[in-house]
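Here the protein sequences line up with chains A and B, keeping their order. Residue numbering for the first sequence is 1 to 402, as defined by full-length UniProt numbering. Residue numbering for the second sequence is 1 to 286, as defined by full-length UniProt numbering.
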Amino acid sequence: MRYKQKRRIKLIIILAIMAFAAFLYFQHGINLGLDLQGGAHIVLQAQPTEEREINDTVMTGIQSVIERRVNQLGLSEPLIQRQGSDRIIVELPAVDSPNEAIETIGRTAMLTFQNSAGEVLMTGEAVQDARADHDQYGRPVIAFTLTDEGSGQFADITRQYIGEKISINLDNEQLTNPTVQAVIEERGQITGYETIQEAEEDAILIREGALPVPVDVIETRTVGPTLGEISIQKSIRAGLLGLLLVAIYMVFYYRFPGVLAAVILAIYGLILMGTMAGLQATLTLPGIAGLILSIGMAVDANIIIFERIKDELKSGKTLRAAIDAGFKRAYTTIVDANVTTVMTALILAYFTSGTVRGFAVTLGIGIIVSMFTAFFVTRNVIDIFAGSKLLRENKSFGVRKG
Amino acid sequence: MDILGKRKIWYTISLTVIAIGLLFLLINGLNLGIDFNGGTLMEFSFENSVSSEEVRGVLERVEIAEDSKIQQSESAGEHGIIIRAKTLESEEIVTIDNAIRDEFESAEMLRTEMVGPTIGRELRINALLAMIAASIAIVAYISFRFEFRFAAVSIITLMHDVLITIGIFAILGREVNTPFVAALLTIFGYSINDTIVIFDRIRENMKLLHKVPFIEQANSAVVDTLPRSINTSVTTLIAILAIYFFGGASIQTFMLALFIGMFAGTYSSIFVASPLLVTWQERISK
Numbered sequence: 001m002r003y004k005q006k007r008r009i010k011l012i013i014i015l016a017i018m019a020f021a022a023f024l025y026f027q028h029g030i031n032l033g034l035d036l037q038g039g040a041h042i043v044l045q046a047q048p049t050e051e052r053e054i055n056d057t058v059m060t061g062i063q064s065v066i067e068r069r070v071n072q073l074g075l076s077e078p079l080i081q082r083q084g085s086d087r088i089i090v091e092l093p094a095v096d097s098p099n100e101a102i103e104t105i106g107r108t109a110m111l112t113f114q115n116s117a118g119e120v121l122m123t124g125e126a127v128q129d130a131r132a133d134h135d136q137y138g139r140p141v142i143a144f145t146l147t148d149e150g151s152g153q154f155a156d157i158t159r160q161y162i163g164e165k166i167s168i169n170l171d172n173e174q175l176t177n178p179t180v181q182a183v184i185e186e187r188g189q190i191t192g193y194e195t196i197q198e199a200e201e202d203a204i205l206i207r208e209g210a211l212p213v214p215v216d217v218i219e220t221r222t223v224g225p226t227l228g229e230i231s232i233q234k235s236i237r238a239g240l241l242g243l244l245l246v247a248i249y250m251v252f253y254y255r256f257p258g259v260l261a262a263v264i265l266a267i268y269g270l271i272l273m274g275t276m277a278g279l280q281a282t283l284t285l286p287g288i289a290g291l292i293l294s295i296g297m298a299v300d301a302n303i304i305i306f307e308r309i310k311d312e313l314k315s316g317k318t319l320r321a322a323i324d325a326g327f328k329r330a331y332t333t334i335v336d337a338n339v340t341t342v343m344t345a346l347i348l349a350y351f352t353s354g355t356v357r358g359f360a361v362t363l364g365i366g367i368i369v370s371m372f373t374a375f376f377v378t379r380n381v382i383d384i385f386a387g388s389k390l391l392r393e394n395k396s397f398g399v400r401k402g
Numbered sequence: 001m002d003i004l005g006k007r008k009i010w011y012t013i014s015l016t017v018i019a020i021g022l023l024f025l026l027i028n029g030l031n032l033g034i035d036f037n038g039g040t041l042m043e044f045s046f047e048n049s050v051s052s053e054e055v056r057g058v059l060e061r062v063e064i065a066e067d068s069k070i071q072q073s074e075s076a077g078e079h080g081i082i083i084r085a086k087t088l089e090s091e092e093i094v095t096i097d098n099a100i101r102d103e104f105e106s107a108e109m110l111r112t113e114m115v116g117p118t119i120g121r122e123l124r125i126n127a128l129l130a131m132i133a134a135s136i137a138i139v140a141y142i143s144f145r146f147e148f149r150f151a152a153v154s155i156i157t158l159m160h161d162v163l164i165t166i167g168i169f170a171i172l173g174r175e176v177n178t179p180f181v182a183a184l185l186t187i188f189g190y191s192i193n194d195t196i197v198i199f200d201r202i203r204e205n206m207k208l209l210h211k212v213p214f215i216e217q218a219n220s221a222v223v224d225t226l227p228r229s230i231n232t233s234v235t236t237l238i239a240i241l242a243i244y245f246f247g248g249a250s251i252q253t254f255m256l257a258l259f260i261g262m263f264a265g266t267y268s269s270i271f272v273a274s275p276l277l278v279t280w281q282e283r284i285s286k
């Protein structure tokens with residue numbers, strides 16, 4: 001009776017873990033990487049100029065400009081983050097025309113104010129805001145505001161160049177070439193536009209294009225939605241097929257314990273999905289490969305345990321005793337074997353980025369979950385069935401009568 | 001079953017495969033993709049078959065990357081083409097993208113990859129650093145859990161598996177990109193896992209059978225763990241083959257590398273690692 005009670009509690013715990021994993025999975029879902037859901041991945045690198053080195057302030061400035069450009073695209077959940085000392089990574093999920101989006105974001109726009117000799121007097125960093133407006137005569141103009149620092153700077157410049165032309169350039173392209181008509185400090189206007197649209201276009205460039213240093217696009221990867229869709233379908237089908245074949249092999253080789261192993265694999269799959277969802281890890285295409293590989297490792301843990309139990313049975317132990325001894329001896333083997341793989345996964349995650357990191361993270365999570373499954377789920381499932389006829393038969397675990 | 005007694009045969013097989021691989025590596029080198037060398041890759045799919053010449057015509061009209069390599073592809077299961085060019089500017093990519101979709105009504109952009117030269121250099125350095133770091137971590141862990149000679153042999157075994165994988169890729173001339181690096185590191189992890197399971201048994205036999213010579217302790221460990229070694233590699237290789245054949249073109253190279261590496265890993269854990277321990281032992285006792 002006590003044994004049956006224990007068995008019931010073990011069953012309830014396993015079911016509770018499965019229910020929790022299913023809950024996490026349905027609650028959070030699995031984050032899909034850009035290679036699976038389609039989207040664009042862009043790496044931008046800031047280039048130092050003669051006047052300016054790359055430092056934290058410059059990078060923060062660049063990041064905010066890039067953020068504004070990305071927001072103009074109106075996408076859901078874009079990701080913008082700093083990488084290393086001079087890089088920014090932008091990820092745009094599910095963008096319709098990814099290549100065009102990259103062009104908008106990566107435009108090497110650097111705004112400069114230059115005198116007629118082409119000397120740079122001030123950069124776009126001094127501009128706080130610029131908007132299209134009408135002046136008191138109803139003409140379209142750009143009304144701009146300068147930062148505190150910029151105000152002082154521009155006052156000196158306009159004092160010096162009054163009556164002369166100062167061009168405003170985006171990179172090598174001249175946007176406008178107005179004549180300085182008064183000393184300007186904090187606020188000013190640029191006239192000479194035919195329509196309000198023209199003024200608006202330049203205003204956006206002056207406002208948004210204010211990068212403190214030039215920025216290079218050094219890597220882009222885009223995946224159209226079709227390919228992502230195909231990849232998901234194909235890899236899921238392939239994964240399920242692989243699982244099925246592995247399960248058939250296990251049943252064929254280990255008989256009833258093999259059936260248990262197949263069930264444990266299914267439970268493992270569920271816990272793994274729940275963990276991925278709970279940790280909000282991102283699943284990439286190589287990540288799916290990592291998952292399938294970790295399934296291989298999970299099967300391996302079961303194989304090691306079964307082989308050990310088989311050895312113990314061969315040496316003449318009773319089933320209960322053989323299970324106990326088998327698990328105990330399999331324990332160190334599985335830990336030693338998996339620790340090195342987890343270490344490799346961690347190192348890989350540290351040194352790489354993008355989809356390969358997705359792979360490393362998935363593999364790492366997969367192995368840790370597989371260890372948990374081996375020591376907790378397999379143990380209890382075997383215990384639950386230890387009293388049943390199915391496991392008592394001598395043929396179980398593939399032991400041949402000798 | 002006497003596996004370790006025939007170790008010279010196993011060494012010869014391994015060394016032959018590695019030597020042939022290295023020969024191809026020296027003559028042909030690895031077919032490094034854009035992740036290593038930098039460049040641009042664009043893949044499109046069409047409803048009807050489109051020839052490389054038609055695509056080249058479009059590139060010539062927009063006067064961008066006219067000298068690209070243009071190939072047929074089957075990623076999407078439809079008629080597809082891949083354009084490989086040097087590193088292009090974002091504007092140039094948009095121009096090509098638009099020009100192709102204007103010219104062929106059913107054209108769809110599947111993927112675009114542009115990698116600058118700095119990224120390729122970093123990838124090479126990071127891949128190397130990752131392998132060195134992983135090796136150090138593995139040596140430290142195994143020395144701690146086992147003995148230093150087990151660690152040293154593990155690293156030789158790892159080199160064996162990685163060299164065979166790289167060598168076979170050199171022979172096949174398959175293109176190598178970032179996923180290949182990930183595959184190599186996975187092989188690292190997997191192969192060490194396989195080797196440790198056997199070492200673990202040797203460690204156990206050294207205690208249980210301390211009266212018999214080392215070669216017999218090691219041989220019985222290899223033989224006893226043989227069912228596990230075979231079952232594990234069969235199940236893992238089944239999974240890998242399933243993805244290789246049905247998982248789509250994008251991960252085929254990755255899976256191929258894993259397949260070769262895992263195969264080499266299983267071989268080396270049985271036929272290289274423990275024999276090397278025995279050889280090591282003999283050298284010391286001489």
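Every residue, glycine too, gets a C-beta built ideally from N, C-alpha and C. Predicted, not measured: the structure shown is a model, and the values here were computed from it.
- Between I164 of chain B and chain A, the shortest Cβ-Cβ separation is not below 8 Å.
- Listed in chain order, the positions of the segment 220-240 of chain A with a beta carbon within less than 8 Å of a beta carbon of chain B are T220, R221, T222, V223, G224, T226, L227, I230, S231, K234, S235, R237, A238 and G239.
- Looking at A:I9, A:A281 and A:V259, the one whose alpha-carbon comes closest to that of V299 of chain A is A:V259.
- Chain A places no beta carbon closer than 8 Å to that of I156 of chain B, leaving this residue out of the contacts.
- The contact set of F246 of chain B on chain A, defined by CB atoms closer than 7 Å, consists of K234, R237, A238 and L241 in chain order.
- Below the 9 Å Cβ cutoff, chain A contributes no neighbours of P213 of chain B, its closest Cβ being approximately 22 Å away.
- By the C-beta density criterion, T282 of chain A is buried, having at least 16 other C-beta atoms within 10 angstroms.
- A straight line joining the alpha-carbon of R61 of chain B with that of N55 of chain A spans about 43 Å.
- In the displayed model, S76 of chain A falls within coil according to three-state DSSP, outside both helix and strand.
- For N126 of chain B, the enclosing alpha helix (DSSP H) starts and ends at P117 to R145.
- Assignment of beta-bridge partners to K165 of chain A by DSSP yields A:T179.
- Y244 of chain B is classed as buried because its beta carbon has at least 16 other beta carbons within 10 Å across all chains shown.
- Excluding the 5 residues flanking it on each side, G265 of chain B has same chain C-beta neighbours closer than 7 Å at D161, I187, Y190, S191 and D194, in chain order.
- At least 8 Å separates the beta-carbon of I251 of chain B from that of P225 of chain A.
- Using a 10 angstroms sphere on the CB of N48 of chain B, the tally of other CB atoms stays under 16, which defines it as exposed.
- Within the segment 250-279 of chain A, contact with chain B at the beta-carbon level (separation under 9 Å) is assigned to M250, Y253 and Y254.
- Per the coordinates, the alpha-carbon of G364 of chain A lies some 32 Å from the alpha-carbon of E43 of chain B.
- Taking a 10 Å sphere around the C-beta of P212 of chain A, we find 16 or more other C-beta atoms and assign the residue as buried.
- Within chain A, not a single residue places a beta-carbon under 9 Å from that of I83 of chain B; the smallest gap is close to 13 Å.
- In this structure, I142 of chain B keeps its C-beta atom at 8 Å or more from the C-beta atom of A130 of chain B.
- At least 8 Å separates the CB of E173 of chain A from every CB of chain B.
- Where L44 of chain A is concerned, the enclosing beta strand (DSSP E) starts and stops at G39 to A46.
- Counting other Cβ atoms within 10 Å of its Cβ, G163 of chain A stays below 16 and is therefore classed as exposed.
- Bridge partners of D324 of chain A according to DSSP: none are assigned.
- Within the same chain, P140, V141 and I196 come within 8 Å of H134 of chain A by CB-CB distance, once the 5 residues on both sides are set aside.
- Listed along the chain, the chain A residues whose CB falls inside 7 Å of the CB of D97 of chain B are N99.
- In this structure, the beta-carbon distance from Q83 of chain A to P214 of chain A does not fall below 8 Å.
- DSSP, read as helix, strand or coil, puts F104 of chain B in coil.
- Relative to I138 of chain B, the option among A:I347, A:E50, A:R7 and A:E53 whose CA is nearest is A:I347.
- Taking the Cα positions, G387 of chain A is about 27 Å away from T333 of chain A.
- Nearest CB-CB separation between F271 of chain B and chain A: not below the 8 Å threshold.
- L209 of chain B carries a coil assignment under DSSP once its states are collapsed to helix, strand and coil.
- Nearest CB-CB separation between I243 of chain B and chain A: below the 8 Å threshold.
- The beta-carbon distance between I42 of chain A and V251 of chain A, rounded to whole angstroms, is 48 Å. This is too long to meet the 8 Å contact definition.
- Counting along the chain, G188 of chain A sits inside no alpha helix (DSSP H); it lies in the beta strand (DSSP E) bounded by residues R187 to I190.
- A straight line joining the alpha-carbon of G21 of chain B with that of N338 of chain A spans about 30 Å.
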